[in-house]
Amino acid sequence: MKINEIHKELSTMTIRPCLIDYDKEREIFTWEKVAKEFDGLPSGGLNIAHEAIDRHANNMLANKAALIWIGERRDRKVYTFLDMKKETSKFANVLALLGFSKGDCIFTLSTRLPELYIAAMGILKNRSVMCPLFSQFGPEPILQRLLRGNAKALLTTQALFEKKIRPLLDQLPELQTVFLIDAEEDESEQVRSLKRLMEKASDIYEILPTDAEDMSILHFTSGTTGMPKGVVHVHKAIFTHWASGKYVLDFHPSDIYWCTADPGWVTGTSYGIITPWLHGITNVVDESEFDAVRWYTTLENEKISIWYTAPTAIRRLMRLDNEPIKEYNLSHLRLIQSVGEPLNPEAVIWGVDKLKMPIHDNWWQTETGGIMIANFLSQEIRPGSMGRPIPGIDAAILRHNDDGTVTEVTEAGKEGELSLKPGWPSMFRNYLHDDERYAKCFIGGWYLSGDLAYKDEDGYFWFVGRSDDIIKTSGHMVGPFEVESCLMEHPAVAEVGVIGKPDEMIGQLVKAFVSLKTGFEPSEELRRELIGFGRKRLGSAVAPKEIEFTQNIPKTRSGKIMRRLLKAREMGLPEGDTSTLED
Ligand code: ATP
Ligand code: MG
Numbered sequence: 018m019k020i021n022e023i024h025k026e027l028s029t030m031t032i033r034p035c036l037i038d039y040d041k042e043r044e045i046f047t048w049e050k051v052a053k054e055f056d057g058l059p060s061g062g063l064n065i066a067h068e069a070i071d072r073h074a075n076n077m078l079a080n081k082a083a084l085i086w087i088g089e090r091r092d093r094k095v096y097t098f099l100d101m102k103k104e105t106s107k108f109a110n111v112l113a114l115l116g117f118s119k120g121d122c123i124f125t126l127s128t129r130l131p132e133l134y135i136a137a138m139g140i141l142k143n144r145s146v147m148c149p150l151f152s153q154f155g156p157e158p159i160l161q162r163l164l165r166g167n168a169k170a171l172l173t174t175q176a177l178f179e180k181k182i183r184p185l186l187d188q189l190p191e192l193q194t195v196f197l198i199d200a201e202e203d204e205s206e207q208v209r210s211l212k213r214l215m216e217k218a219s220d221i222y223e224i225l226p227t228d229a230e231d232m233s234i235l236h237f238t239s240g241t242t243g244m245p246k247g248v249v250h251v252h253k254a255i256f257t258h259w260a261s262g263k264y265v266l267d268f269h270p271s272d273i274y275w276c277t278a279d280p281g282w283v284t285g286t287s288y289g290i291i292t293p294w295l296h297g298i299t300n301v302v303d304e305s306e307f308d309a310v311r312w313y314t315t316l317e318n319e320k321i322s323i324w325y326t327a328p329t330a331i332r333r334l335m336r337l338d339n340e341p342i343k344e345y346n347l348s349h350l351r352l353i354q355s356v357g358e359p360l361n362p363e364a365v366i367w368g369v370d371k372l373k374m375p376i377h378d379n380w381w382q383t384e385t386g387g388i389m390i391a392n393f394l395s396q397e398i399r400p401g402s403m404g405r406p407i408p409g410i411d412a413a414i415l416r417h418n419d420d421g422t423v424t425e426v427t428e429a430g431k432e433g434e435l436s437l438k439p440g441w442p443s444m445f446r447n448y449l450h451d452d453e454r455y456a457k458c459f460i461g462g463w464y465l466s467g468d469l470a471y472k473d474e475d476g477y478f479w480f481v482g483r484s485d486d487i488i489k490t491s492g493h494m495v496g497p498f499e500v501e502s503c504l505m506e507h508p509a510v511a512e513v514g515v516i517g518k519p520d521e522m523i524g525q526l527v528k529a530f531v532s533l534k535t536g537f538e539p540s541e542e543l544r545r546e547l548i549g550f551g552r553k554r555l556g557s558a559v560a561p562k563e564i565e566f567t568q569n570i571p572k573t574r575s576g577k578i579m580r581r582l583l584k585a586r587e588m589g590l591p592e593g594d595t596s597t598l599e600d
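Residue numbers for the sequence shown, in the working numbering: 18 to 600.
This is the structure:
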């Protein structure tokens, strides 16, 4: 792929970025220095909620907006850091009074309501474990997760309770309490009105000593490649959150920030709740799901300066043939970051073209707890590259040897498994109930991510594909991302999913599932044109040999293309776990 460099001149930026000299910053960085950014608990130790909420509420930021919430019907509420301190203390008291304590798993199943954000911090204050579920899960995935996490309590809404939880109650003997956000009165000893409990609770709560290694959050992965895994995190993760908030999200006190991810996914907690508040930043939450007009309006109305979103949303905005900066006042926006899937070069360039700023890709996983590799505001962007490791993080490309060991690949451009030097603060501490699987992720002093990538001469990392998705065709290894990005450059194409289809002659045949932009119709002619288009750019060894039009590329609810489903359907095989499949 041609390296097309995009560089924004520092002199054109009105706010000086936090990171200017990448190499120097890496050199002088230590986690010990990050530790100094935190207060620590008066009672001893480190607690996320104290660092994110209480210490600001106790100081100069007490009256600053911490949460700006925009409801489905555009109703709007503002909570200051002091409001958040009081509300989260009340919820912590509610939990404590009901007997929930350190280590108990408290689940949430709610749309993005203020109570969800209050509960998240209240749970952490009580040293319980926050386990967020995505509100659109069906009953079966919810049951599985509640059972696997030994759920002691659940926060939800009346509607979600009736539809999804009530039928499960007799299968959940450990579930002591259900908190209903919007119920006026208690239903029973077990099913309680959050409002009534909060009314009676004190807004003063002293957080008990918390060890930085105490469990904080249990997150389930997206299920893109198989059964979602329960991932265990600890309070110390905020070290990474703080560092990435500084270097990647470039937080400055005046910023207004919007992360579009739902707390059901790790981005929605690490960066939709914790990181902005660690930095004392105003965090905007929009309850509604994706809608282009709504999203542009939120960016405009709330004067968003830092926007963290995902490739799937950007691709949907790209489908519209409009001129956003002419139609909306987006003049406050100064940085767009994206995560979750590979960001096609086309999308980076679309940003420059339509929003007058590139989209910055970054890479991480539920397991890493925070951003590991990123494109930084002040640094050159190479569209299609995930960027470089953040200060404090060491990443490498590893080759697997036949004897089970690994060797670092130092040669530029050579593919291998993207790996990280273990020990970063937000590293997951286990897979829930699966020590063996956890242990297998670490070989030869590295954490192996399961993603394939390569590094260029200047240390930029380029995503190739998930190791499960790699296609072996006529002796070549083909990463689906490369083929998908190429087809995305064709004006008719909105989205692409590429798989390897078993083939007797060549092992696997590259097959692309293509969805078209509005105004384009599938036809034999277009199919042939796309095949030719691919061949010209990728060469016949890599280009797709088959193209199928579909407006329905299966995706996870967090917007990731599920290639394993495309493949299973193509081959008529069982679909496996589909709990995270979008409707
Ligand atoms: P599961 O592990 O259950 O299959 P998942 O890996 O999709 O699901 P997450 O932890 O939410 O669950 O996603 C992390 C993965 O998403 C990464 O391992 C990578 O494959 C992909 N990803 C995230 N960001 C990027 C990016 N910027 N470029 C390419 N891939 C990315
Ligand atoms: Mg994964």
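Even glycine gets a Cβ: it sits at the ideal position worked out from N, Cα and C.
- At a threshold of 7 Å, THR573 does not count as near the ligand MG, since its beta carbon sits no closer than that to any of the ligand's heavy atoms.
- Per the C-alpha coordinates, the member of PRO439, ASN447, LYS472 positioned closest to TRP463 is PRO439.
- GLU512 sits in a strand when the DSSP states are folded into three classes.
- Just so you know, the alpha carbons of GLY139 and MET505 end up roughly 44 Å apart.
- Using a Cβ-Cβ distance cut-off of 8 Å, the stretch 220 to 228 and the stretch 61 to 80 are in contact, since at least three pairs of beta carbons, one from each stretch, lie closer than that value.
- In the same chain as ALA113, and ignoring 5 residues on each side of it, the C-beta atoms closer than 7 Å to its own belong to ASN143, in chain order.
- Buried is the label assigned to GLN354, since at least 16 other Cβ atoms lie within 10 Å of its Cβ.
- Of the candidates SER596, PHE268, GLU363, PRO571, GLU363 places its Cα closest to the Cα of GLU501.
- Beyond the five residues adjoining it in sequence on each side, THR315 comes within less than 6 Å, by CB distance, of ASP303 in the same chain, given in chain order.
- At least one heavy atom of the ligand ATP lies less than 7 Å from the C-beta of LYS246.
- The Cβ atoms of LEU150 and GLY240 do not sit closer than 8 Å to each other.
- The closest CA to that of GLY482, considering only ASN76, LYS518, GLY433, PRO519, is found on GLY433.
- Look at GLU563 here: in three-state DSSP terms it is strand.
- By the Cβ neighbour-count rule, LYS253 is buried, with 16 or more other Cβ atoms within 10 Å of its own.
- With a threshold of 7 Å, the Cβ atom of THR277 does not count as near the ligand ATP, since no heavy atom of the ligand is closer than that.
- For SER233, the closest C-alpha among the options ASN80, PRO561, GLY421, LYS119 is that of LYS119.
- In this structure, the beta-carbon distance from ALA412 to LEU435 falls below 8 Å.
- For LYS472, the secondary structure class from DSSP, reduced to helix, strand or coil, is strand.
- Taking 7 Å as the cut-off, one finds no heavy atom of the ligand MG near enough to the beta carbon of THR314.
- Here DSSP, grouped into helix, strand and coil, assigns GLY467 to strand.
- If you ignore the 5 residues before and after GLY576, its C-beta comes within less than 6 Å of the C-beta of ALA327, THR329, all in its own chain and listed in chain order.
- In the displayed model, LYS94 falls within a strand according to three-state DSSP.
- ALA176 is classed as exposed because its beta carbon has fewer than 16 other beta carbons within 10 Å across all chains shown.
- For PHE498, there is no enclosing beta strand (DSSP E); the residue is found in the alpha helix (DSSP H) stretching over 497 to 505.
- Contact check for PHE268 against HIS296 passes: the beta carbons are separated by less than 8 Å.
- LEU211: member of the alpha helix (DSSP H) spanning 211 to 217, first to last residue.
- Distance from the CA of ASP40 to the CA of PRO34, rounded to the nearest whole angstrom, comes to 15 Å.
- Taken in chain order, the whole alpha helix (DSSP H) runs of length 4 or more contained in the stretch 312 to 358 are 328 to 336, 341 to 344.
- Out of TRP441, GLU397, PRO519, the CA that lies nearest to the CA of THR47 is found in TRP441.
- PRO341 sits away from LEU360, with the two beta carbons spaced by 8 Å or more.
- Contact annotation: ILE290 and ALA136 have beta-carbon atoms that are not nearer than 8 Å.
- If you check the CB distance, ALA511 and LEU547 do not come in under 8 Å.
- Here GLY589 is exposed, its C-beta having fewer than 16 other C-beta atoms within 10 Å.
- Per DSSP, reduced to three states, the secondary structure at ALA137 is helical.
- Not one heavy atom of the ligand ATP sits closer than 7 Å to the Cβ of MET444.
- Taking C-beta atoms as the reference points, SER443 and GLY386 count as a pair closer than 8 Å.
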